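Undergrad: Per our numbering, residue 2 is the first one in the sequence shown, and the count goes up by one each step. For every residue, glycine included, the Cβ atom is placed at its ideal position computed from N, Cα and C. Keep in mind it's a predicted model, so treat the numbers as computed, not measured. Would you mind keeping the following structure in view while I ask a few things?
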Amino acid sequence: MSVKRVFKAQWLLATVMLLGLLVSACTSTPPTTNSGTPGTTTGGGPAFPTTQLALRTPSFGQQEASTVKVLASADPTLILQFSLVPASIKQLFPNATALVTVIEGNAAVSDFDTVIVDAQHMPPNQKFTVFFVELSAKPFGHAEYVGDVITRGDGSAESVFHLITLGAFAADNRAPTVTSTDQTGDASGVQLEHVGMWFDGVKAARQVLNNPNIPGTPFDGGAPGPLHAGPQAMTDGQTQPVI
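Below you can see the structure in the form of structure tokens.
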């Protein structure tokens with residue numbers, strides 16, 4: 002037999018073996034899932050859910066504002082939404098809106114909740130600060146800084162924050178026994194159950210609102226002076242809790 006024929010026979014044999022391996026790989030049995038725990042593999046690693054999650058619409062509490070809407074969610078997560086309405090900007094920006102979505106953190110994974118602020122038709126190209134407050138209107142009471150919202154040229158903006166929300170409270174160690182009521186009953190400190198947005202700077206607020214006499218407020222940590230921020234721009238406007 003010539004060398005050429007031997008080479009051809011070897012090439013054909015190698016080709017047949019390669020095709021056999023490819024067919025075997027394509028027809029092999031996929032990994033089985035653990036029937037006791039849908040969505041996990043026998044090796045204990047995560048996998049996509051094999052059945053549709055059951056949704057529930059839980060009760061947020063007995064004293065929340067009527068504006069709060071509780072959305073259907075997978076147990077044990079709680080999702081709620083409510084709106085913010087114009088405060089100091091109402092006359093010039095009557096159509097300003099902000100939708101706040103709160104997603105309760107799963108205690109098995111994280112202690113933090115997620116807060117999403119989606120704003121529309123607000124003063125364009127401005128920076129606002131978001132605070133949790135004791136009261137939705139003056140004098141506001143205790144407050145906690147959350148984060149910033151910066152609007153685009155069309156007055157829209159989105160910001161996402163991760164922090165304790167549904168259990169937010171202010172404590173004063175000079176009176177450590179002070180308690181207040183939240184949606185779960187008696188709780189520590191003073192509950193921060195309202196949300197507002199303030200102009201980051203009083204100078205910007207005076208320009209946007211065309212009023213050079215607007216006084217400063219403490220709702221920002223900038224300078225100069227303690228009254229660096231502008232007035233409240235958006236509020237939940239409720240007397241009953243929204244968070």
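Rounded to whole angstroms, what's the CA-CA distance from D187 to P219? Just pull it up for me.
TA: Whole-angstrom Cα-Cα distance: 29 Å.
Undergrad: Entirely within the segment 148-179 and at least 4 residues each: give me those alpha helix (DSSP H) ranges in chain order.
TA: If we require 4 residues or more, the segment 148-179 turns out to have no alpha helix (DSSP H) run fully inside it.
Undergrad: Taking the CB atoms as reference points, tell me whether V71 and F83 lie closer together than 8 Å.
TA: Going by C-beta atoms, V71 is not nearer than 8 Å to F83.
Undergrad: Alpha carbon to alpha carbon, how far is G226 from T236? Give it in angstroms, no decimals.
TA: Roughly 24 Å between the two C-alpha positions.
Undergrad: Roughly how far, in whole angstroms, is the beta-carbon of A99 from the beta-carbon of D119, given that I think they are within contact range, below 8 Å?
TA: Confirmed, about 7 Å.
Undergrad: By DSSP's criteria, S189 is part of a beta bridge. Which residues make up the other side?
TA: DSSP, once it has assigned bridges, lists T180 as partnering S189.
Undergrad: E159 to T152, Cα distance in whole Å?
TA: Taking the straight line joining both Cα atoms gives about 8 Å.
Undergrad: According to DSSP, which residues form a beta bridge with S74?
TA: BP columns for S74 point to R57.
Undergrad: List the residues that DSSP assigns as beta-bridge partners of G197.
TA: In DSSP, G197 forms a bridge with F132 and T236.
Undergrad: Let me know if T182 comes out buried or exposed under the rule of 16 or more other beta-carbons within 10 Å of its beta-carbon.
TA: Classification for T182: exposed.
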